[in-house]
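In this text, residue positions in the sequence shown follow our numbering: the first is 134, and each later residue adds one. First comes the structure, then the notes that go with it.
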Amino acid sequence: MNLRKIGLGLLDATVKIVFVIIVVMLIMRYSRLAYNYGYHIFNQTAVSSGTGRTVTFKVGNGDSAATIADNLSSVGLITDKTLFRLQERFSEYHGKEKPGTYELSTAMTPDEMLAIMSGGSDTEEGGSDAESGEDSNGG
């Protein structure tokens, strides 16, 4: 009976040690992931350096940040859709993206792209006339 108690005690201790090791490993992994996302949210980098590649990009009426992130990723303007959605969420342009067609570059940071898509920059190629309430004839 004494030998059985020792065996169960060792098994119990082993299970607890393995559980603690797994928890520590998960905490380390997700801490690293959280740090990387936090770092890149505020220290934004462009996909490429220099002049980059210019891409004509269209934002549709009612497009969400997730839809815009998917489309930006598919044309190679961003590398991480989740990171872009977080950057948009914490930026001053949150929810201010306007429908239209824009000339964006791979040398732009996500914040620069958001500024253009929200109408905060003069580098916009085209945009929606609906936001001013006027038609294209100036009336």
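Even for Gly, the Cβ is constructed at its ideal location relative to N, Cα and C.
{"query": "Identify the continuous beta strand (DSSP E) that holds Tyr235 and give its terminal residues.", "result": "233–238"}
{"query": "Based on the DSSP output, what are the partners of Phe217 in its beta bridges?", "result": "For Phe217, which the question treats as bridged, DSSP gives no partner whatsoever."}
{"query": "Spatial neighbours of Gln220 within its chain, please: C-beta separation below 6 Å, excluding the five flanking residues on both sides.", "result": "Ile174, Pro243"}
{"query": "Measure the Cβ-Cβ separation of Thr215 and Ala202 and say whether it is below 9 Å.", "result": "yes"}
{"query": "Who are the near neighbours of Leu237 in its chain, counting only those whose CB is closer than 6 Å to its CB and skipping five residues on each side?", "result": "Val188, Phe190, Leu210, Met246"}
{"query": "Do Arg239 and Ser197 have their CB atoms nearer than 9 Å?", "result": "Note on identity: in this sequence residue 239 is Thr, with Arg being the wrong assignment. For Thr239 and Ser197, no; Cβs fall outside 9 Å."}
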